[in-house]
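Engineer: Got a structure here, written out as structure tokens. Questions coming.
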Amino acid sequence: MEPVPVEPVSLAEPELPREPELPREPEASAEPVPLAKPEPSPEPPAQAESPAQAAQAVPGQEVPTQAVPGQPVPPAQAVPPGPQQPYGSQNPWDPAAAAQGGVPGGGYAIPPLGPAPTDGPPGYGYDPLISPDYNGWFRRATTIVKVGWRPLAVLQVIGGVTALIVQVPFLIWALTASSELTESIENDPEAAPDLGLFLGVIGLTFLGAFIAILVAALVSLASMRIGVAVATGAEPDVGAALRQALSRMFPLLGWQITAGFIMIAGVCACILPAVYLYAVFVTIPAVVAFERTNVIGRCFSLFHRDLGAAVARVATIAGFTIAASVLASIIDGVVSAITGASAGSLGSDLPDEVTTGALLGSALLTSVISVVIGGAVAVLTSQLTLTAYADLRARVEPLSTGMLAYEIGLQAPPTAPPTTPPTTPPAQAW
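Following numbering that gives the first Met the number 0, the numbering of the sequence shown begins with 0 at its first residue and continues without gaps.
Printed below as a string of structure tokens:
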């Protein structure tokens, strides 16, 4: 029997799909390859210069301390470990904010009372004291009054109470002396009147008026400082304002006396020149508070540079003052009619004690009412005068609220942006 052939059985595992082969590098040739000169190793990529390094490379170049709004921010770089000192100063100068305009120096701004106004002098941004037109002027003054009415009212109360304390004793003595003088003349018409009482009444009247003028000058100067403090966002300090005003009270009084003689000369010539001179000298308190020299000539130059703007502002201030005087006169007439002081002064059948008491009570009451009305109106007119001065001066020379704050002693003189580069961070090790 022949053997049956047996086919060999393969024990190998089934073939799996192969992964694609990666390209192999060509095998080295047996032939010698000429050696090439070694190429220089590539240098590490240059690191972007920091702002401090760039400032050191170009002396005097300003170092930007923050990104300009609206521009893309460059990618941040790795900072080496360890404490770092921030670039720039604590109050960096922002070129973008300067380009948009506004008041320099870190925020001279009135606390917001609504949408920020957009008006301002030509070529400048919004300024809390300077305006290009009548509406802006009146709005700035009323805004200062709304924000700072408390310290402004305190100044007027101090001035009014001081004036009453000084004037009331003089008023009592003057009324008593006048009553005695009238009684002596009625009892003996042929006898010579006592001129001592007459001169005493006149002297005390002028002395009381002089003290009232001093107090009014002090309050007027202090109101200028309070108004600038409110406009710059500083804290109004009534005590500091009065101390600073006290040092300039007598210069203001001297210039007011000079202006008074000039206005008297205008009255002697004609009524119209006196009105014109009054309009010119309305800004005397502001000129003395901020400039203090060549006051008379400065008032004329400010008034004549833009006559229309000056007349509009001065007429408004005079209108408020006249309205207050008319209102006080009306109330004086009503009080006199109620107390019967007018009948007593004309010589009625009332006893002398009652007549003198009626006169004294009427005079005291009308004085208090006049002080209250005058103080309330002065709160507004003082700031109208301040903003009118700022407007008129800005038409003569470049001006900002920061400059006024420096001139009145509220802030240090404005400085240029810092040019010294900040401390450079430690160099990185490569």
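We treat Cβ as the ideally placed atom computed from N, Cα and C, and that holds for glycine. Small disclaimer: the values here were computed from a predicted structure and weren't measured.
Could you give the distance in angstroms between the alpha-carbon of F137 and the alpha-carbon of L383?
Structural biologist: Here residue 137 refers to the residue found at position 138 of the sequence shown. Here residue 383 refers to the residue found at position 384 of the sequence shown. F137 and L383: Cα-Cα distance of roughly 7 Å.
Engineer: Could you pull out every residue in the same chain whose Cβ sits closer than 7 Å to the Cβ of V200, ignoring the five residues on either side in sequence?
Structural biologist: Indexing the sequence shown from 1 puts residue 200 at position 201. Taken in chain order, the residues that qualify are A173, A176 and S177.
Engineer: Quick one: using the 10 Å Cβ neighbour count with 16 as the cut-off for buried, is V310 buried or exposed?
Structural biologist: Indexing the sequence shown from 1 puts residue 310 at position 311. So V310 ends up on the exposed side.
Engineer: Work out the CA separation of N186 and V156 for me, nearest whole Å.
Structural biologist: As a first step, residue 156 must be located in the sequence shown, where it is residue number 157. As a first step, residue 186 must be located in the sequence shown, where it is residue number 187. A straight-line Cα-Cα distance of about 44 Å links V156 and N186.
Engineer: Can you tell me whether R149 is buried or exposed, with buried defined as 16 or more other CB within 10 angstroms of its CB?
Structural biologist: As a first step, residue 149 must be located in the sequence shown, where it is residue number 150. With fewer than 16 Cβ atoms within 10 Å of its Cβ, R149 is classed as exposed.
Engineer: For a quick check, are the C-beta atoms of T380 and G226 less than 9 Å apart?
Structural biologist: Reading the sequence shown from its first residue, position 381 is the one you call residue 380. Reading the sequence shown from its first residue, position 227 is the one you call residue 226. In this structure, G226 does not lie closer than 9 Å to T380 by Cβ.
Engineer: Check the C-beta distance from A216 over to Q255 and give it rounded, since I have them as a contact under 8 Å.
Structural biologist: Along the sequence shown, one-based indexing puts residue 216 at 217. Along the sequence shown, one-based indexing puts residue 255 at 256. Here A216 really is in contact with Q255; their C-beta atoms are around 7 Å apart, less than 8 Å.
Engineer: State yes or no: is the C-beta of L252 within less than 9 Å of the C-beta of L213?
Structural biologist: Taking the sequence shown and counting its residues from 1, one reaches residue 252 at position 253. Taking the sequence shown and counting its residues from 1, one reaches residue 213 at position 214. Cβ atoms of L252 and L213: closer than 9 Å.
Engineer: Starting from Q255, trace the alpha helix (DSSP H) both ways and give me its first and last residue.
Structural biologist: By 1-based counting over the sequence shown, the position of residue 255 is 256. Taken as a continuous stretch (DSSP letters only), the alpha helix (DSSP H) holding Q255 covers M248 to A268.
Engineer: How is G147 classed by DSSP in three states: helix, strand or coil?
Structural biologist: Here residue 147 is taken as the residue at index 148 of the sequence shown, counted from 1. If DSSP states are grouped into helix, strand and coil, G147 belongs with the helices.
Engineer: Nearest to L245 by CA position, among G202, G265, A221 and S183, is which residue?
Structural biologist: Indexing the sequence shown from 1 puts residue 245 at position 246. Considering only alpha carbons, the answer is A221.
Engineer: Alpha carbon to alpha carbon, how far is M248 from P127?
Structural biologist: By 1-based counting over the sequence shown, the position of residue 248 is 249. By 1-based counting over the sequence shown, the position of residue 127 is 128. Roughly 26 Å separates the two Cα atoms.
Engineer: Give the C-beta separation of I129 and L326 to the nearest angstrom, bearing in mind that I take them to be a contact with Cβ-Cβ under 8 Å.
Structural biologist: The count along the sequence shown starts at 1 and reaches residue 129 at position 130. The count along the sequence shown starts at 1 and reaches residue 326 at position 327. Contact flag wrong, Cβ pair sits at about 32 Å.
Engineer: To which residues of the same chain is T282 closer than 8 Å at the C-beta, ignoring the five residues directly before and after it?
Structural biologist: Residue 282 sits at position 283 when you count from the first residue of the sequence shown. Counting only Cβ-Cβ distances below 8 Å, and skipping sequence neighbours, we find C298, L301, F302, T384, A387, Y388 and L391.
Engineer: Quick check: what's the CA-CA separation for Q243 versus V218?
Structural biologist: Here residue 243 corresponds to residue number 244 of the sequence shown, with the count starting at 1. Here residue 218 corresponds to residue number 219 of the sequence shown, with the count starting at 1. Whole-angstrom Cα-Cα distance: 11 Å.
Engineer: Report buried or exposed for T142, applying the criterion of at least 16 other Cβ atoms within 10 angstroms of its Cβ.
Structural biologist: Your numbering for residue 142 matches position 143 in the sequence shown. When all chains shown are included, T142 counts as buried.
Engineer: Using only CA atoms, which one of G207, A208, L180 and I184 lies nearest to Y195?
Structural biologist: On the sequence shown, residue 195 is found 196 positions in, with the first residue counted as 1. Checking the displayed sequence, the identity of residue 195 turns out to be Gly instead of Tyr. Looking at the Cα atoms, L180 is the closest of the given residues.
Engineer: Out of curiosity, what's the CA-to-CA distance linking A314 and T320?
Structural biologist: One-based indexing of the sequence shown puts residue 314 at position 315. One-based indexing of the sequence shown puts residue 320 at position 321. C-alpha separation (whole angstroms): 10 Å.
Engineer: Under DSSP, the alpha helix (DSSP H) around A233 begins and ends at which residues?
Structural biologist: If you number the sequence shown from 1, residue 233 lands on position 234. Looking at the DSSP string, A233 is not in any alpha helix (DSSP H), and its letter there is neither H nor E.
Engineer: Which term fits G259, buried or exposed, when burial requires 16 or more other beta carbons within 10 angstroms of its beta carbon?
Structural biologist: As a position in the sequence shown, residue 259 is number 260, starting the count at 1. If you draw a 10 Å sphere on the C-beta of G259, you find fewer than 16 other C-beta atoms in it, and that means exposed.
Engineer: Using the beta-carbon count (16 or more within 10 Å), is A228 buried or exposed?
Structural biologist: Start at 1 with the first residue of the sequence shown, and residue 228 comes out as number 229. It is buried - the Cβ of A228 has at least 16 other Cβ atoms within 10 Å.
Engineer: For D331, which three-state DSSP category applies?
Structural biologist: Against the sequence shown, residue 331 aligns to sequence position 332. The answer is helix: DSSP assigns D331 an H, G or I state.
Engineer: List the endpoints of the continuous alpha helix (DSSP H) containing L403.
Structural biologist: For the purposes of this step, residue 403 is identified with residue 404 of the sequence shown, where counting begins at 1. Looking at the DSSP string, the run of the alpha helix (DSSP H) that includes L403 is T400 to E406.
Engineer: Residues in its own chain within less than 7 Å of P284 by CB, not counting five upstream and five downstream?
Structural biologist: To locate residue 284, count along the sequence shown from 1; it is residue 285. S219, L220, M223, L251 and T384, listed in sequence order.
Engineer: Quick one: give me the first and last residue of the alpha helix (DSSP H) that L301 is part of.
Structural biologist: In the sequence shown, counting from the first residue as 1, residue 301 sits at position 302. Annotation: the continuous alpha helix (DSSP H) that includes L301 extends over V294 to R304.
Engineer: Output the boundary residues of the alpha helix (DSSP H) element that contains I283.
Structural biologist: What you label residue 283 is simply residue 284 of the sequence shown in a count that begins at 1. Segment I283 to F289, the alpha helix (DSSP H) holding I283.
Engineer: With a CB to CB cut of under 8 Å and the five nearest residues on each side skipped, what residues in its chain are close to V167?
Structural biologist: As a working note, residue 167 is residue 168 in the sequence shown. Only L363 and S366 meet the Cβ criterion.
Engineer: Would you identify the three-state DSSP class for I225, choosing helix, strand or coil?
Structural biologist: To locate residue 225, count along the sequence shown from 1; it is residue 226. In the structure shown, I225 sits in a helix (DSSP, three-state: H, G or I).
Engineer: Measuring only the C-alpha atoms, how far is A273 from T257?
Structural biologist: On the sequence shown, position 274 is the one that residue 273 refers to. On the sequence shown, position 258 is the one that residue 257 refers to. Distance between the alpha carbons of A273 and T257 is about 14 Å.
Engineer: Do you know whose CA, among L206, E406, I368 and L163, lies nearest V334's CA?
Structural biologist: Taking the sequence shown and counting its residues from 1, one reaches residue 334 at position 335. Taking only the C-alpha atoms, the option nearest V334 is I368.
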